[in-house]
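Structure record follows, encoded as structure tokens.
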Amino acid sequence: MDKIIELINKAEKINELSKEEIILILQSSEFDQELLNAADRARKKFVGDEVHLRGLIEFSNICKRNCLYCGLRASNKNVDRYRLQPDEIIELARKGVSYGYKTFVLQSGEDEFYTIDKIKYIVEKIKEFDVAVTLSIGEKSFEEYKAYKESGADRFLIRIETTDKDLYEAMDPGMSHEERKRCLSDLKALGYEVGSGCLVGLPNQTIESLAEDILFFKEIGADMIGIGPFIPNGDTPLKDEKGGDLNLSLKVMAITRLLLKDINIPATTAMETLNPNGRIMALQSGANVVMPNVTEGEYRKMYALYPGKICVNDTPAHCRGCITGKIQRIGRTVSNTKGFRRK
Ligand code: 5AD
Ligand code: SF4
Ligand code: FES
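In this note's numbering, the protein residues as written are 5 to 347.
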């Protein structure tokens, strides 16, 4: 039997691979569909056919950081900035509840307008709707993470972006890879469900480092992993770079499912940007979560991480119906639980 098929079978059977074995799978292209199918079977076996929807609220596109890949970087003057008031954010969540969402992801740039007290107020109010709350607001101190947890936040997302320290520090000027890892370990220690993930296709990123990313997700005991292709943004220093590939992103995601069998894995918006069927392809290659946007009006366009973002002209109600239909057409169901990690 071919070596690659043997490795895919091994991963499916014992949910383990060495770094060298992951590299072999990522480098070959002959058995990609077999890999994606194996991840789909592991998804079905360990987390079932339910798809969890998380309502995404992009509440501020103001960011003090300068990540080279990101359109929200502080130095980008070509983006109109906005910031929602705490009560506006709570109102978006209230409407989201009426569309049936049981979890909200509150995401923003690193915007210091939102003090500890403001975030606590927002989390406490949204928790009154009997939903799970996920924060995705960047690097904070242990004390801040602790305060948010005490106010009721259930989960926190912070991608490592890449485990290649030199690449990370080149891509994210002024940021430290150690500090990023400190955030992840503090969040874990505080009892959050911890989400991380990486970009695929950053300039000078190697296959070896993608293999290390997957093993890192396992090492930190991540509960959720979001993987998306890097998409060059014309308003950033990386505008002339090549960008990531959907197939490689799906393969990294599929191996992540095989090795971290029972975690939650979103079909990412960036995948759908590269292919109109990207999220469905992901849901059939290991993913079990979708994060439809519940931000309203012009703000969607302004939250311009990368170009070609989907759903920028759609309403929350439309997206809810759209994604439900897509999920049902592939024989899956929309969960009506808060969708905590099944252990
Ligand atoms: N392409 C794809 N994903 C991006 N992100 C930021 N900029 C881009 C881009 N150009 C991702 C980062 C970040 C998440 C919120 O968006 O991984 O963690
Ligand atoms: Fe800010 Fe996040 Fe964009 Fe970096 S990736 S510039 S931290 S919004
Ligand atoms: Fe927004 Fe389909 S999910 S239009």
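Don't be surprised by glycine CBs; every beta carbon is placed ideally from N, CA and C.
Per the DSSP secondary-structure output, residue 228 pairs in a beta bridge with 199 and 268. Comparing alpha-carbon positions, the option among 285, 83, 228 and 61 lying closest to residue 333 turns out to be 285. Taken from the Cβ of residue 181, every heavy atom of ligand 3 lies 7 Å or farther away. Of the candidates 74, 66, 109 and 98, the residue whose Cα lies closest to the Cα of residue 88 is 66. DSSP, read as helix, strand or coil, puts residue 64 in strand. At least 8 Å separates the beta-carbon of residue 32 from that of residue 12. The closest CA to that of residue 345, considering only 293, 231, 103 and 214, is found on 293. If you compare the alpha carbons of 264, 239 and 318 with that of residue 49, the shortest gap goes to 264. Of the residues assessed, residue 117 falls on the exposed side of the cut-off, its CB having fewer than 16 other CB atoms within 10 angstroms. In this structure, ligand 1 has a non-hydrogen atom nearer than 7 Å to the beta-carbon of residue 310. A contact is defined here as three or more CB-CB pairs under 8 Å, and the segment 99-107 fails this definition with respect to the segment 246-266.
Contact check for residue 275 and residue 232: beta-carbon distance about 6 Å, within the 8 Å limit, so the pair qualifies. Contact between residue 27 and residue 211 holds: their C-beta atoms lie close to 6 Å from each other, under 8 Å. Residue 152 is positioned such that its CB atom lies closer than 8 Å to that of residue 139. With a cutoff of 7 Å, residue 172 does not count as near ligand 1, since its C-beta is closer than that to no heavy atom of the ligand.
Apart from the 5 residues on each side of it in sequence, residue 207 sits with its Cβ closer than 7 Å to the Cβ of 242 and 245 in its chain, given in chain order.
Here the C-alpha atom of residue 159 lies approximately 6 Å from the C-alpha atom of residue 198. For residue 186, the uninterrupted alpha helix (DSSP H) run begins and ends at 181-193, by DSSP. Per DSSP, residue 332 lies in no beta strand (DSSP E) segment; the continuous alpha helix (DSSP H) that holds it begins and ends at 320-333. About 7 Å separates the CB atoms of residue 58 and residue 108; that is less than 8 Å, so the two are in contact. Taking the Cβ of residue 71 as the reference point, every heavy atom of ligand 3 lies at 7 Å or farther away.
In the assembly as shown, residue 320 is a buried residue. Its beta-carbon has 16 or more other beta-carbons within 10 Å. In this model, residue 134 and residue 20 are separated by some 37 Å (Cα to Cα). Residue 268 places its beta carbon less than 8 Å from that of residue 227. Around residue 287, the same chain offers 271 as residues with beta carbons nearer than 6 Å, after the five sequence neighbours per side are excluded. Nearest in C-alpha terms to residue 38, of all of 22, 6 and 78, is 6. Note on geometry: alpha-carbon atoms of residue 80 and residue 328 lie some 35 Å from one another. CA-to-CA, the gap between residue 298 and residue 307 works out to about 12 Å. Of all alpha-carbon atoms in 18, 17 and 30, the one lying nearest the alpha-carbon of residue 215 is that of 30.
Our two residues, residue 289 and residue 45, have alpha carbons roughly 8 Å apart in a direct line.
In the structure shown, residue 88 falls within a coil segment according to DSSP collapsed to helix, strand and coil. Here residue 112 carries a strand assignment [DSSP, helix/strand/coil].
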